[in-house]
Amino acid sequence: MAADGVAGAGPRYFADPVDGPGIDTAAVAALADERLDFRFKAVPAAAHGRSVRDWLATRPALDGLGTPLLTLDAAALDHNLRTMAAWCRAAGVRLAPHGKTTMAPALWQAQLAAGAHAITLANLPQLRVARAFGVQRLLLANTLLDPAGLAWIAAELDRDPGFAFASWVDSADSVRQMDAALRAAGARRPVEVLVELGGPGGRTGARGVPAALEVAAAVLAAPTLRLAGVGGYEGALAHDASDPALAAVRGYLADLADLHRRLATDYPTGTPVVTAGGSAYFDTVAEELTPLARQVPGTTVIVRAGAYLAHDDGFYRGISPLSRTADATPLRSAMHGWARVVSHPEPRLALLDAGKRDLPFDEGLPEPQLVRGAGPLTGATVTALNDQHAFLRDAGPAAPVGAVLRLGLSHPCTAFDKWSLIPVLDHADAENPRVVDLIRTYF
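Each residue of the sequence shown is one higher than the one before, counting from 1 in the UniProt record's numbering.
Shown next as structure tokens:
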């Protein structure tokens, strides 16, 4: 039976309450049996041939790992899980975190155990990973048009009554293609879809409420689809927390709420979904959309923040609602880079052994924080990354050749994808951190 299936129960829909863990916990636990070898650049050669479980039992320390390295902090992960769960409860919203950030089933399990309603993903390969680990409630924040992919989803829905899936759609043409592919596949359960509303200059999504209403009408006429609500992504319309940016976000959310109200009498469900909210504006989403629960009874408001779990020392540190709101409990960065000084060719220049292949750089360069065994590093900056090197300026004698630096990182969405296995430290601020877990990713 599926992880949260109920014998004799009818098919599950996306907004239905969660039963059980929502993921195949045995499949996640089996990751501890994987053998360590050359595929995993984070673990030393001395660990090769051991299982994850056996190597962790030796209580390895950070000092035994090489560089370059990406690590997670167990204490910060736990803090962020509890903080975001508490915020969602207080705000009256559900959370469907964007699993593409980590692509780590063990972390998805932790998020679901902390109260997440579903896992959000972005494409078909990611969906296949999630179903391989028995994730029971999935939201695709995208339109699925691949006929083979639609046939696979249809087969998954027909095979597993406990599996609930919803996809976005933003045009009548997309509706027709989805319907044709599902008919050809012989789908028995309708695929739930949310009409995606976009904004001028934004990403995907119907441009304007009238266009979105036409998409909804096409969905209602397609027997293989079921109109489950509306959604979109406000983060494509702003990139900071300035007044103009927040005004653009609020304007978009007002249109999304208007679309939902106009569709209230057309929904074939008593629990329609409204979803928005990446990791930058989920507070504004809650403020603007939670009144819909009174205006359209049964409405389920879902935010999709994904970066909150790892957080960062860059972009999200500055823009997260829990960082810029005075009375909020701030998130903590749970990811760090570690790199060794391998060259000091000029008085003001040192080269580190970590680069673009190892660390994120698209939303800000790594931030030097400390030198292992020596303490905080101030005044130094990373000014550029090559494929395998970082350019460290103005560290001077505080970072001699051979020194290991801890780096603060920006944007977890482009950090996890560079590592197939990530060590979790008990506490990154400890004098000699211990490795307490290894997180497997699937990108």
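The beta-carbon is built from N, C-alpha and C at its ideal position, and this holds for glycine as well.
Asked                                                                                                                                                                                : Found
Quick one: what's got a C-beta closer than 7 Å to Leu409's C-beta in the same chain, skipping five residues either side?                                                             : Asp312, Asp313, Gly314, Met335, His336, Gly337, Leu359, Pro360, Pro366 and Ala415
For Glu196, count neighbouring C-beta atoms within 10 Å of its own C-beta (all shown protein chains included) and say buried if the count is 16 or more, exposed if not.             : buried
For the beta strand (DSSP E) containing Leu256, name the first residue and the last one.                                                                                             : Segment Asp243 to Arg262 is the alpha helix (DSSP H) holding Leu256; no beta strand (DSSP E) there.
Out of Asp158, Ala61, Gly162 and Ser171, state which residue places its alpha-carbon closest to the alpha-carbon of Asn142.                                                          : Ser171
How big is the Cα-Cα spacing for Gly149 and Leu124?                                                                                                                                  : 7 Å
Measuring only the C-alpha atoms, how far is Asp394 from Leu69?                                                                                                                      : 22 Å
Buried or exposed for Gly379, please, with buried defined as at least 16 other CB atoms from any protein chain shown within 10 angstroms of its CB.                                  : exposed
Within the present structure, is the beta-carbon of Ala91 separated from the nearest heavy atom of the ligand SAM by less than 8 Å?                                                  : Here there are no bound small molecules, and the ligand SAM is not part of this structure.
Check this for me: beta carbons of Ala116 and Leu140, under 9 Å apart or not?                                                                                                        : no
What alpha helix (DSSP H) runs, 4 residues minimum, are completely inside the segment 185-232?                                                                                       : 209-220
Which residue spans inside the segment 9-92 form an unbroken alpha helix (DSSP H) run of at least 4?                                                                                 : 25-29, 52-56 and 74-91
When the distance is taken between beta carbons, is Gly201 closer than 9 Å to Glu234?                                                                                                : no
Quick one: Cα of Ala384 to Cα of Val273, how far?                                                                                                                                    : 44 Å
Is Gly396 helix, strand or coil by DSSP?                                                                                                                                             : helix
Can you grab the Cα-Cα spacing for the pair Cys88 / Ala110, in whole Å?                                                                                                              : 16 Å
How would you label Asn80, buried or exposed, when you count the other beta carbons within 10 angstroms and need 16 or more for buried?                                              : buried
Can you check which of these residues, Pro433, Tyr442, Tyr252 and Asn432, is closest to Asp417 by C-alpha distance?                                                                  : Tyr442
Please name the residue or residues paired with Ile119 in a DSSP beta bridge.                                                                                                        : Leu138
What are the partner residues of Phe165, as DSSP defines its beta bridges?                                                                                                           : Leu138
Can you give, in chain order, each stretch of the beta strand (DSSP E) that sits fully within the segment 250-332 and has at least 3 residues?                                       : 273-275 and 300-303
Taking buried to mean at least 16 other C-beta atoms within 10 Å of its own C-beta, is Pro345 buried or exposed?                                                                     : exposed
With DSSP as the reference, please indicate the residues paired to Arg176 in a beta bridge.                                                                                          : BP columns for Arg176 are empty, so no partner.
Bridge partners for Pro423 per DSSP, in chain order?                                                                                                                                 : Leu438
Measure the C-alpha to C-alpha separation of Ala403 and Leu392 and round it to an integer number of angstroms.                                                                       : 12 Å
Could you name the residues of the same chain whose beta carbon sits closer than 7 Å to that of Gly298, not counting the 5 residues immediately before and after it, in chain order? : Gly270, Thr271 and Pro272
Below 8 Å on the Cβ atoms is my contact criterion, and I expect Leu425 with Thr71 to pass it. Report the Cβ-Cβ distance as a whole number of Å.                                      : 5 Å
Around the Cβ of residue 495, are there at least 16 other Cβ atoms within 10 angstroms (buried) or fewer (exposed)?                                                                  : Any answer about residue 495 is impossible in this case: the structure gives the chain only from 1 up to 443.
Is it right to say Gln295 is buried, meaning 16 or more other beta carbons lie within 10 angstroms of its own, or is it exposed?                                                     : exposed
Give me the Cα-Cα distance between Thr120 and Pro11, rounded to the nearest whole angstrom.                                                                                          : 20 Å
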